[in-house]
Amino acid sequence: MAVRHFHHALKIRTETCFGCTHCLKVCPTEAIRIRNGKAVLNENRCVDCGECFKACPVQAIYIDQDDFERIHGFEYRIALLPSIFLGQFSRKYNREQIYDAIKAVGFTHICEVEQSTGILQQQINRYAAENPDKKPLISSFCPAIIRLIQVRFPSLANNIMLLKPPLDITALYCRKKLTDEGVNPARIGVFYITPCAAKIAAIKSPVGEDYSMITGVINMDFLFNRVYRHIKNNLSKDVTGNDDKVLNADAIRWSLTHGESDHFEGRSFAVDEIHNVIDFLEKVENEEIKNVDFLELRACDESCAGGALTTANRFLIVERLRSTKNEEISSRESKSKTIEDYREYLEHRIKIQEIKPRSIMKLDDNMETAMLKMDQVKEIMKLLPGNDCGICGAPTCHAFASDIVQSEADIRQCIFIQKCRENTGELTLFESLRLMKEIWGKEKF
Amino acid sequence: MQFEYFINGGDFSKAGQASSQFKKVLQQLNVAPHTIKRIVVALYEAEVNIVAHAFKGKISIELQPDLVSMLLTDEGPGIPDIEKAMEVGYSTASPKVREMGFGAGMGLSNIKNNADLLEITSIVGKGTTLKISVNLSKQE
Ligand SMILES: Nc1ncnc2c1ncn2[C@@H]1O[C@H](COP(=O)(O)OP(=O)(O)OP(=O)(O)O)[C@@H](O)[C@H]1O
Ligand code: SF4
Ligand SMILES: [Mg+2]
C-alpha cells in the first residue's frame, strides 16, 4: 500500500537507535513509529526537515551524503557553495583563506550559490505581478517547506512560485559557463555543499523538475572539518587572492530569515522554524490571514543558519553573515564572464513544473470509506487514555487510532488497554508482554 | 456524519478554532483541496461573526458524501436589515473589534461567494441563523 514517493537523505542507524522516542515527538508530520525497539520512518510522510536528526541524543539518525572521493572522478570539480558555509568560521578567517582551503582539499572551482539571487529577485517580482491569483505567493526556496505543503497544506500547493531556487539557477550557470569555455560536460562534477537533508532530497528526487544539474552532495559539517583542519595547519601560507568571490552583502544574506522577503515589492512575511510555519499556514489556509503578497518560509530556526549540518551556533552564523560588507570584486570583469552575461539564458530556464499536492491526511481515497474509518477512529479515541504517552510506538493517541484503522497497529499495543484486559482476563500477561516486545524489542524485558 | 461546535461571543483568541477542526475532518475525508478551502473560509467568517456580533452560538454540521450543510445559530442582537448587512464594506463592528483586525464588512459577502447556498434568517433582539451549504464534487 505504501507507495514510495521520493528519496530521503535522513536515515536511521538501527544498531545505534535505542527507541528513546525523542524523534517520535518532534516530527511535524507524525512520520515516525517505534517498532522492535527502533525508530522507523514512513517515507510518504517525511518531509526531510531534519527535526528528528536534531533531536536524537545518540546520533542514530544521519544524513546520507555522497562519498567525497567521488569528486576525483571529474577533472573539473566544482564546489557549489552556499554562503552559510562562510558563517561556520570565526571572523578571523576571511573568504580568500577559506576558498583557498576548499581548493586545497580537492576542488578546482568554487561557485557561490547566491550569485543568482539578483536574477531571481527580479523574476520573483515579475512572477508575482503575472500571477495575482496565486496570492500569497510562497517561495520555492526551502525544499522541506515545499514537501510540507504538498503533504499537509494541499490547498496551498498552487501558491508555490514555480521558479527555481538559487541553487539550481547557479548550478545551471556554472555548467553552462564551463561548457562554453570548451570543457567537455562529462568532465564537470558539480557538488553541492549542503546545510541540510532537505536539499539532498530535493537534488536526488527533484519536485517540479525532471532532473537535477547537480552531480553529488557533500555534507557541510564534513567539508568544514576538512577545510578547517587545513586552514589551521597552513596558517603561515600566503593567500592567493581568489577570483571566485562574487557575492555582495545582499546575496550573502539571502538564505537567512528575511533574506528574500526584504526584496519583495509588496506585503510579505518571513517565517522560520517548521512549527511556526505550520501555525502560520493554518491561518493562511483558513484565510484568517489575508491580503498577503509573499511568504518566505523556512523549515529551520534562523533559516539555513539553523540547518542540521551546520557546525557553528546559528546566532553566530547570522552575526557573521550580517556583518559582511560589500567587498571589492576588482579583478573579475576583465578576466571572465559573470552570471550577468547569462541572464537571458537563465531567465529562459527559470520555471519549474507544477507542484502537485499529495495529502497524508486522508484516511481513504474513497470518501464513504474514509467516513467509516473516521467513525472508527472516533470510537477508538473513546477507549484510549488521550495522554499521548507513546508507549504504543505512535506519537499520539490519535495517530495510534488512525494506525489501527489502517491495519498498521493493534489496539492491544496500548498499555492502558492491556491493563484493562488483563484485569478482565481477556488478555494473558504472556500475550501482553509479547506485544510490548514487538514495539520495544526483546532486550528491554 | 454530524459535527457540533459551541462558540462564545467576545472570545477572539479562540475565533477560528471550530473551522480549523472541521478542516481537519474534511482533509481526512479526502475532500478536494479547493472545496475544503471554500467550506472553511465560509465557516470561518460565520464563526467570527458569532464571536464578534453575538453572545453565544452553536455550529451544527451535517456531512454527506455529496453535500456539507452548516447551520449556525446564535443568541445575539440579530440583523435588522439583512440586505444591507450583505453589502461589501457595511459593518457595525465596534472600534475595539476593528482594532483586532475584523470589521471590514467583508464577511457575509465572502460567505456568499464561497457557498453554493446561503440563507440568513434573523430576529432582532433574539438571534441569527445562517444556513450555508457547499456541494462536494466527486473526488478530483
Ligand atoms: N451573527 C450576527 N449577529 C448580529 N449581527 C451580525 C451577525 N453577522 C453579521 N452581522 C451584522 O452584519 C454586518 C456585516 O457582517 P460582515 O461579516 O459582512 O462584516 P463584519 O463582521 O462587520 O466585518 P468582517 O467580517 O469583514 O470582519 C456586521 O457588521 C453586523 O452588523
Ligand atoms: S531552512 Fe535552509 S537549511 Fe533548513 S531545511 Fe530549509 S533549506 Fe534546508
Ligand atoms: Mg464578519
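Sequences listed follow chains A and B, in order. Every position in the first sequence, counted from 1, becomes a number in our numbering once 1007 is added. Every position in the second sequence, counted from 1, becomes a number in our numbering once 321 is added. Backbone N, C-alpha and C define an ideal beta-carbon position, used for all residues, glycine too.
Inter-residue Cα distance where the pair is residue i and residue j
{"i": "Gly1189 of chain A", "j": "Ser1219 of chain A", "result": "22 Å"}
{"i": "Met1008 of chain A", "j": "Met1374 of chain A", "result": "With a pLDDT of only 38 at Met1008 of chain A, under 50, the local geometry of the prediction cannot be trusted, and the value read off the model is given with reservation. Their Cα atoms are separated by approximately 18 Å."}
{"i": "Asn435 of chain B", "j": "Lys1141 of chain A", "result": "17 Å"}
{"i": "Ser1330 of chain A", "j": "Ile1091 of chain A", "result": "13 Å"}
{"i": "Ser1123 of chain A", "j": "Gln1130 of chain A", "result": "11 Å"}
{"i": "Ala1111 of chain A", "j": "Leu1254 of chain A", "result": "21 Å"}
{"i": "Val369 of chain B", "j": "Ala414 of chain B", "result": "12 Å"}
{"i": "Asn431 of chain B", "j": "Lys1369 of chain A", "result": "27 Å"}
{"i": "Lys1099 of chain A", "j": "Asn1241 of chain A", "result": "14 Å"}
{"i": "Gln1360 of chain A", "j": "Ala1108 of chain A", "result": "38 Å"}
{"i": "Asp332 of chain B", "j": "Val372 of chain B", "result": "6 Å"}
{"i": "Glu440 of chain B", "j": "Gln1413 of chain A", "result": "39 Å"}
{"i": "Ser1338 of chain A", "j": "Leu1328 of chain A", "result": "Any reading at Ser1338 of chain A needs caution, since the residue's pLDDT is 46, under 50, leaving its predicted position unreliable; the model's value is listed next. Looking at the two C-alpha atoms, the distance is approximately 23 Å."}
{"i": "Glu1309 of chain A", "j": "Gly1094 of chain A", "result": "13 Å"}
{"i": "Thr1247 of chain A", "j": "Asp1187 of chain A", "result": "26 Å"}
{"i": "Gly397 of chain B", "j": "Phe343 of chain B", "result": "24 Å"}
{"i": "Met1381 of chain A", "j": "Ala1208 of chain A", "result": "33 Å"}
{"i": "Gly426 of chain B", "j": "Thr394 of chain B", "result": "20 Å"}
{"i": "Arg1011 of chain A", "j": "Ser1343 of chain A", "result": "Note that Arg1011 of chain A scores a pLDDT of 49, beneath 50, so its modelled location is shaky and nothing firm can be said."}
{"i": "Cys1118 of chain A", "j": "Glu1076 of chain A", "result": "19 Å"}
{"i": "Ala1046 of chain A", "j": "Glu1022 of chain A", "result": "11 Å"}
{"i": "Ala1416 of chain A", "j": "Arg1040 of chain A", "result": "10 Å"}
{"i": "Met407 of chain B", "j": "Lys377 of chain B", "result": "21 Å"}
{"i": "Leu1353 of chain A", "j": "Ile1324 of chain A", "result": "30 Å"}
{"i": "Ala1086 of chain A", "j": "Val1120 of chain A", "result": "9 Å"}
{"i": "Pro354 of chain B", "j": "Ile1367 of chain A", "result": "13 Å"}
{"i": "Pro1392 of chain A", "j": "Lys1444 of chain A", "result": "21 Å"}
{"i": "Asp1279 of chain A", "j": "Lys405 of chain B", "result": "42 Å"}
{"i": "Cys1307 of chain A", "j": "Leu1263 of chain A", "result": "10 Å"}
{"i": "Gln460 of chain B", "j": "Cys1063 of chain A", "result": "Its pLDDT being 48, under 50, Gln460 of chain B is placed unreliably by the model, and the measurement read from it follows with that caveat. Their backbone Cα atoms lie some 40 Å apart in a straight line."}
Under 7 Å between C-beta atoms of residue i and residue j
{"i": "Leu438 of chain B", "j": "Ser454 of chain B", "result": "yes"}
{"i": "Asp1055 of chain A", "j": "Lys1018 of chain A", "result": "no"}
{"i": "Ile1078 of chain A", "j": "Gly1113 of chain A", "result": "yes"}
{"i": "Pro1143 of chain A", "j": "Leu1304 of chain A", "result": "no"}
{"i": "Ile1210 of chain A", "j": "Ile1200 of chain A", "result": "no"}
{"i": "Phe1198 of chain A", "j": "Gly1215 of chain A", "result": "no"}
{"i": "Ala1406 of chain A", "j": "Lys1061 of chain A", "result": "no"}
{"i": "Leu1169 of chain A", "j": "Lys1358 of chain A", "result": "yes"}
{"i": "Cys1027 of chain A", "j": "Cys1059 of chain A", "result": "no"}
Cβ-heavy atom distance, residue i to ligand 1, below 6 Å
{"i": "Thr413 of chain B", "result": "yes"}
{"i": "Asp395 of chain B", "result": "yes"}
{"i": "Gly410 of chain B", "result": "no"}
{"i": "Phe1025 of chain A", "result": "no"}
{"i": "Thr442 of chain B", "result": "no"}
{"i": "Phe423 of chain B", "result": "yes"}
{"i": "Pro416 of chain B", "result": "no"}
{"i": "Ile400 of chain B", "result": "yes"}
{"i": "Ala1258 of chain A", "result": "no"}
CB contact below 7 Å: residue i versus chain D
{"i": "Asn435 of chain B", "result": "Absent from the structure is chain D; the protein chains it does hold are A and B."}
Near ligand 3: residue i beta-carbon under 6 Å from a heavy atom
{"i": "Gly428 of chain B", "result": "yes"}
{"i": "Asn1298 of chain A", "result": "no"}
{"i": "Asn431 of chain B", "result": "no"}
{"i": "Asn370 of chain B", "result": "yes"}
Check: residue i C-beta below 6 Å from any heavy atom of ligand 2
{"i": "Ala1151 of chain A", "result": "yes"}
{"i": "Arg1305 of chain A", "result": "yes"}
{"i": "Gly1223 of chain A", "result": "no"}
{"i": "Cys1059 of chain A", "result": "no"}
{"i": "Ser1310 of chain A", "result": "yes"}
{"i": "Ala1205 of chain A", "result": "yes"}
{"i": "Pro1213 of chain A", "result": "no"}
{"i": "Gly446 of chain B", "result": "no"}
{"i": "Gly1314 of chain A", "result": "yes"}
{"i": "Pro1192 of chain A", "result": "no"}
{"i": "Pro1202 of chain A", "result": "yes"}
Where are the alpha helix (DSSP H) runs, 4 residues long or more, that stay fully inside the segment 1083 to 1164 of chain A, in chain order? 1102 to 1111, 1124 to 1137 and 1150 to 1159
Going residue by residue through the segment 1171 to 1245 of chain A, where are the continuous alpha helix (DSSP H) segments of at least 4 residues, counting only ones entirely within it? 1173 to 1187, 1204 to 1211 and 1227 to 1240
Using a Cβ-Cβ cut-off of less than 8 Å, list which residues of the segment 1280 to 1314 of chain A approach chain B; keep chain order. Glu1289, Lys1290, Glu1292, Asn1293, Glu1294 and Glu1295
Near-chain B residues of the segment 1361 to 1380 of chain A (beta-carbon distance less than 7 Å), N- to C-terminal order: Pro1364, Ser1366, Met1368, Lys1369, Leu1370, Asp1371, Asp1372, Met1374, Glu1375, Ala1377 and Met1378
Of the residues that make up the segment 1160 to 1185 of chain A, which ones have a beta carbon closer than 7 Å to any beta carbon in chain B? Pro1161 and Ser1162
If the cut-off is 8 Å on Cβ atoms, which residues from the segment 346 to 363 of chain B count as contacting chain A, listed in chain order? Val346, Gln348, Gln349, Leu350, Asn351, Val352, Pro354, His355, Ile357, Lys358, Val361 and Val362
Chain A contacts made by the segment 323 to 334 of chain B, where a contact means CB separation under 7 Å: none
Quick check for students: name the residue ranges of the beta strand (DSSP E) that lie wholly in the segment 1255 to 1332 of chain A, counting only runs of 3 or more. 1275 to 1279 and 1301 to 1305
Taking only beta carbons into account, state which residues of the segment 377 to 410 of chain B come closer than 8 Å to chain A, listed in chain order. Leu384 and Pro386
Just list the alpha helix (DSSP H) runs in the segment 404 to 447 of chain B, keeping only unbroken ones of 4 residues or longer that don't cross its boundaries, in chain order. 416 to 420 and 428 to 435
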